[in-house]
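Asker: Protein sequence lines, in the order shown, are assigned to chains A and B. Read in this note's numbering, the first sequence has 22 at position 27, and its numbers run on one by one without any break. All you need for this note's numbering is the position in the second sequence, starting with 1, plus 186. Let me give you the structure first, and then I'll get to my questions.
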Amino acid sequence: MSEDLKKTIIDYVKKEYLEEDTQDDINESTPLISSGIVDSFSMVSLKTFLEKKFNIKIPDDKATPEAFDTVNNIINLLKDFKVA
Amino acid sequence: MGGITQPLFSAFGEEALFTRLEDAGTKAILTTKKHAAKVRRIKDRLPALERVIVVDGNEQNVKPGEIAFNMEKSDRLDRFKIEPCGPETPSVLHYTSGTTGKPKGAMHVHSAIIAQYLTAKWVLDITPDDIYWCTADPGWVTGTSYGIIGPWSNGVAQAVLDSGFNTEKWYQFIAQHKITVWYSAPTAIRLLMKDSTAAAKKHKLDSLRHLISVGEPLNAEAVIWSEQAFGKPFHDSYWQTETGAIVITNFPGMKIKPGSMGKPFPGITATVVDLKTFEPLSKRGTVGLIALKPGWPSMFRAYWANKEMYESKFNKDWYICGDRASIDADGYFWFVGRDDDVINTAGHLVGPFEIESALLEHEAVAESAAIGKPDPVNMEVVKAFVALKPGHEPSGDLELNIMNFIRKKLSPLAMPQEIEFVDSLPKTRSGKIMRRLLRAKEWGEEIGDVSTLEND
């Protein structure tokens, strides 16, 4: 489950936030927010994706830049919602 | 070289880039590998664009017609022929958003450096002994006026952090480089506030000597909090892309009234004028439009190829800033709000027209309106109201799809943080969408005169 989840999130980040012909690659521990791959405004679209995909509602106080900074952090966050 | 510099925000999507490059007739663009793909997708639509230079590129990863320029490996020049220029020679072209139409290019001239030098010296209080950090992105006017020209002309050492916002990282950066003067923005300060005073106290931040803020009004709570967290208050400063440099501000040593933007900079004649007659308001505390007497060195000299719009910004010998404020008995200015529909999100102005035009290009969107909705951190964020074409139904997936569509086309700042699907939008009898009505509802304000409303 965790591997599937990891792949789902990584695939989404690659598709939506990385340029197609970029040579950059990401893994579960790549900083996303603090590196600027996903800026704080775009974080809302990542949060919306997770909410729609897993049918959950992430409260604003949990949707912090730190909680979204890596795919591992996101998976930890999703544990609170019994997704991960 | 005699060219005009046009700074661009690296997170701009291809349509936002195209609009600005096409309007300016830009001849050459310097970019990096990371952003070159966006330029490639619009290059064929830009006949004036002669050169694309990829500064971190090499022969293998640039496309035919592009120039790979590796700064580290290139020869240094001993001499460089400088193109003669005078005080009124155009220097920088910054695009800024308005309520209607496309973004406009505010053109500045070389003599603007006089204002940028003096304000950096007297307001930011930078000296050759300081280590200065301006957190603004160089794609916006603060990043140019006070991230480059102001500090360079004052000969101050600067620290630059190329990363997104992160409380720990920011405090570590201040401690590591012993930052003394810090110029930041209310959104960042409010994010730091969210992470509590204790987070600041964990780091050795006693190098900080002077703190200044810009981009949107700095709320009183943030001023008071910064005194607790850093032992000194953030000083609010006010200016715009069009003013080129700080025009109203809290100076070092001046008594700060938390929540006030301060007083005019020496040489700047500023007042508030009546909303209708544009006459200065003599009664203190009355809300009017902030107005400046033209003639300061960093005032914009034109909107690129848009004389009519430029002239519309002046009335009765005043430059009208487009912001509402009042002046108290001590001469301090107090910001009230924008006088138009422009959205100020995290200190960046976003034009509703640009967002609405892009929304209409989405296959499911029949009509749309974009407004700013209140946000505790960013002051405002974009909210879009969307009526769908027949055959399309509102859904979470469609909302996400539209959000990403705007993010990639324009920029993350312009991406609606919320989309409300509606059957139709309130319009005047002449068919103009009444954003004012949608905004008033969102902010819980009086709706006002709706006599021209076509549908309920």
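Cβ atoms here follow ideal geometry from the backbone N, Cα and C, with glycine treated the same way. Only a predicted model underlies this, so the values are computations on that prediction, with no experimental measurement involved.
Step through the CB atoms of chain C and report whether any lies within less than 8 Å of the CB of A544(B).
Answerer: Protein chains A and B are contained in the structure displayed, whereas chain C is not.
Asker: If the cut-off is 7 Å on Cβ atoms, which residues from the region 25 to 41 of chain A count as contacting chain B, listed in chain order?
Answerer: Listed by position along the chain: I28, S29, S30, G31, D34, S35, F36, S37, V39, S40.
Asker: When we look at the beta-carbon of D34(A) and count the other beta-carbons within 10 Å, is it buried (16 or more) or exposed?
Answerer: On the first sequence, position 39 is the one that residue 34(A) refers to. With 16 or more Cβ atoms within 10 Å of its Cβ, D34(A) is classed as buried.
Asker: Is the Cβ of F44(A) closer than 8 Å to any Cβ of chain B?
Answerer: Stepping through the first sequence from its first residue, residue 44(A) is reached at position 49. Yes - at least one Cβ of chain B is within 8 Å of the one on F44(A).
Asker: Can you pull the chain B residues whose beta carbon is under 9 Å from the beta carbon of P60(A), in chain order?
Answerer: One-based indexing of the first sequence puts residue 60(A) at position 65. Simply G350, F351, N352, T353, L377.
Asker: Determine, for R593(B), whether the minimum Cβ-Cβ distance to residues of chain A falls below 8 Å.
Answerer: Sequence index remark: in the second sequence, residue 593(B) carries index 407 (1-based). R593(B) counts as touching chain A.
Asker: Would you say K47(A) reaches chain B, if we count a Cβ-Cβ gap shorter than 8 Å as a contact?
Answerer: What you label residue 47(A) is simply residue 52 of the first sequence in a count that begins at 1. Output row for K47(A): interface = yes.
Asker: With distance defined between alpha-carbon atoms, name the residue in N256(B), C507(B), G287(B) nearest to E542(B).
Answerer: On the second sequence, residue 542(B) is found 356 positions in, with the first residue counted as 1. Minimum Cα distance to E542(B) is reached at G287(B).
Asker: Where do the N-terminal and C-terminal ends of the beta strand (DSSP E) with D64(A) fall, by residue?
Answerer: Numbered from 1 along the first sequence, position 69 holds the residue referred to as residue 64(A). Element bounds for D64(A): n/a, residue is neither H nor E.
Asker: If you draw a straight line from the C-alpha of E632(B) to the C-alpha of V522(B), how long is it?
Answerer: Residue numbering aside, residue 632(B) sits at position 446 when the second sequence is read from its first letter. Residue numbering aside, residue 522(B) sits at position 336 when the second sequence is read from its first letter. When rounded, the distance between both Cα atoms is 16 Å.
Asker: Less than 8 Å between the C-beta atoms of V528(B) and T205(B), yes or no?
Answerer: As a position in the second sequence, residue 528(B) is number 342, starting the count at 1. As a position in the second sequence, residue 205(B) is number 19, starting the count at 1. Contact flag unset, no.
Asker: Near L0(A), which residues of its chain fall below 8 Å by C-beta distance, leaving aside the five closest residues on each side in sequence?
Answerer: If you number the first sequence from 1, residue 0(A) lands on position 5. Here the set comprises I70, L73, V78, A79.
Asker: For chain B, find out if any of its Cβ atoms is closer than 8 Å to the Cβ of E11(A); answer yes or no.
Answerer: As a working note, residue 11(A) is residue 16 in the first sequence. With 8 Å as the cut-off, E11(A) counts as an interface residue toward chain B.
Asker: By DSSP, does K290(B) sit in helix, in strand, or in coil?
Answerer: Here residue 290(B) is taken as the residue at index 104 of the second sequence, counted from 1. In this structure, K290(B) counts as strand in the three-state DSSP scheme.
Asker: Does E14(A) have its Cβ less than 8 Å from a Cβ in chain B?
Answerer: For the purposes of this step, residue 14(A) is taken as residue 19 along the first sequence, with counting starting at 1. Chain B, which has a Cβ nearer than 8 Å to the Cβ of E14(A), makes this yes.
Asker: Taking Cβ positions, are L347(B) and P372(B) nearer each other than 8 Å?
Answerer: The residue labelled residue 347(B) in the question sits at position 161 within the second sequence. The residue labelled residue 372(B) in the question sits at position 186 within the second sequence. Going by C-beta atoms, L347(B) is not nearer than 8 Å to P372(B).
Asker: Please list, in chain order, the residues of the region 600 to 613 of chain B that have any C-beta partner in chain A closer than 8 Å.
Answerer: Against chain A - using a Cβ distance shorter than 8 Å - the residues of the region 600 to 613 of chain B are M601, Q603.
Asker: Where does F500(B) land, buried or exposed, given buried means 16+ other C-beta within 10 angstroms?
Answerer: If you number the second sequence from 1, residue 500(B) lands on position 314. Per the 10 Å Cβ criterion, exposed.
Asker: Pull up the distance between the alpha-carbon of F464(B) and that of L478(B), whole angstroms please.
Answerer: Sequence index remark: in the second sequence, residue 464(B) carries index 278 (1-based). Sequence index remark: in the second sequence, residue 478(B) carries index 292 (1-based). Taking the straight line joining both Cα atoms gives about 12 Å.
Asker: Alpha helix (DSSP H) containing V39(A): first to last residue?
Answerer: Locating residue 39(A) in the first sequence gives position 44, counting from the first residue. Per DSSP, V39(A) belongs to the alpha helix (DSSP H) from 38 to 49.
Asker: Can you name the residues of chain A whose CB is closer than 8 Å to the CB of D583(B)?
Answerer: What you label residue 583(B) is simply residue 397 of the second sequence in a count that begins at 1. Going along chain A in sequence order, the residues near D583(B) (Cβ under 8 Å) are K47.
Asker: Between P149(B) and chain A, is any beta-carbon pair separated by less than 8 Å?
Answerer: With chain B represented from 187 up to 642, any question about residue 149(B) goes unanswered, as that position is not in the structure.
Asker: Tell me whether the region 449 to 456 of chain B and the region 434 to 441 of chain B touch, counting them as touching only if at least three CB pairs, one residue from each stretch, are closer than 8 Å.
Answerer: With the cut-off at 8 Å, the region 449 to 456 of chain B and the region 434 to 441 of chain B touch.
Asker: What does a CB cutoff of less than 7 Å around D642(B) pick up in its chain, not counting 5 residues either side in sequence?
Answerer: One-based indexing of the second sequence puts residue 642(B) at position 456. Unreliable positioning characterises D642(B) in this predicted model, as indicated by a pLDDT of 44, which lies under 50. The coordinate reading is nonetheless provided below. If we look at D642(B) and ignore the five residues flanking it on each side, it has no Cβ neighbours.
Asker: In three-state DSSP terms, what is K493(B)?
Answerer: Residue mapping note: residue 493(B) aligns to position 307 of the second sequence, counting from 1. Helix.
Asker: Counting only runs of 4+ residues fully inside the region 402 to 457 of chain B, write out the alpha helix (DSSP H) ranges in chain order.
Answerer: List check, alpha helix (DSSP H) in window: 406 to 416.
Asker: Taking the alpha-carbon positions, what's the L207(B) to K390(B) distance?
Answerer: Along the second sequence, read from residue 1 onward, the residue named residue 207(B) stands at position 21. Along the second sequence, read from residue 1 onward, the residue named residue 390(B) stands at position 204. Spanning the two alpha carbons is a distance of roughly 44 Å.
Asker: Going along chain A in order, which residues have a C-beta closer than 8 Å to the C-beta of Q385(B)?
Answerer: For this step, residue 385(B) is matched to residue 199 along the second sequence. Before going on, a small fix: residue 385(B) reads as Ala here, not Gln. Neighbours of A385(B) on chain A: none; closest Cβ ~11 Å, over 8 Å.
Asker: Taking 8 Å as the threshold (beta carbon to beta carbon), is F204(B) in contact with chain A?
Answerer: Within the second sequence, numbered from 1, the residue matching residue 204(B) stands at position 18. No, because no Cβ of chain A sits closer than 8 Å to the Cβ of F204(B).
Asker: Have a look at L467(B), P576(B), P193(B), V458(B) and flag the residue whose alpha-carbon is nearest the alpha-carbon of D323(B).
Answerer: By 1-based counting over the second sequence, the position of residue 323(B) is 137. It is P193(B) whose Cα lies nearest to the Cα of D323(B).
Asker: Spell out the partners DSSP gives G643(B) in its beta bridges.
Answerer: Nothing can be reported for residue 643(B), as the shown portion of chain B is limited to 187 through 642.
Asker: Along the chain, which unbroken stretches of the beta strand (DSSP E) at least 3 residues long are found entirely within the region 343 to 391 of chain B?
Answerer: Listed in chain order, the complete beta strand (DSSP E) runs (minimum 3 residues) inside the region 343 to 391 of chain B are 367 to 370.
Asker: With DSSP as the reference, label F198(B) as helix, strand or coil.
Answerer: As a first step, residue 198(B) is located in the second sequence; it is residue number 12 there, counting from the start. Three-state DSSP puts F198(B) in coil, outside helix and strand.
Asker: Please decide whether A223(B) counts as near chain A, where near means a Cβ-Cβ distance under 8 Å.
Answerer: Position 37 of the second sequence, counting from 1, holds the residue named residue 223(B). Yes, because at least one Cβ of chain A sits closer than 8 Å to the Cβ of A223(B).
Asker: Which residues in chain A have a C-beta closer than 8 Å to the C-beta of N244(B)? List them in chain order.
Answerer: Here residue 244(B) is taken as the residue at index 58 of the second sequence, counted from 1. Result: empty, since nearest Cβ-Cβ is about 12 Å, beyond 8 Å.
Asker: Give me whichever residues DSSP pairs with I215(B) in a beta bridge.
Answerer: Locating residue 215(B) in the second sequence gives position 29, where the first residue counts as 1. I215(B) pairs with V238(B).
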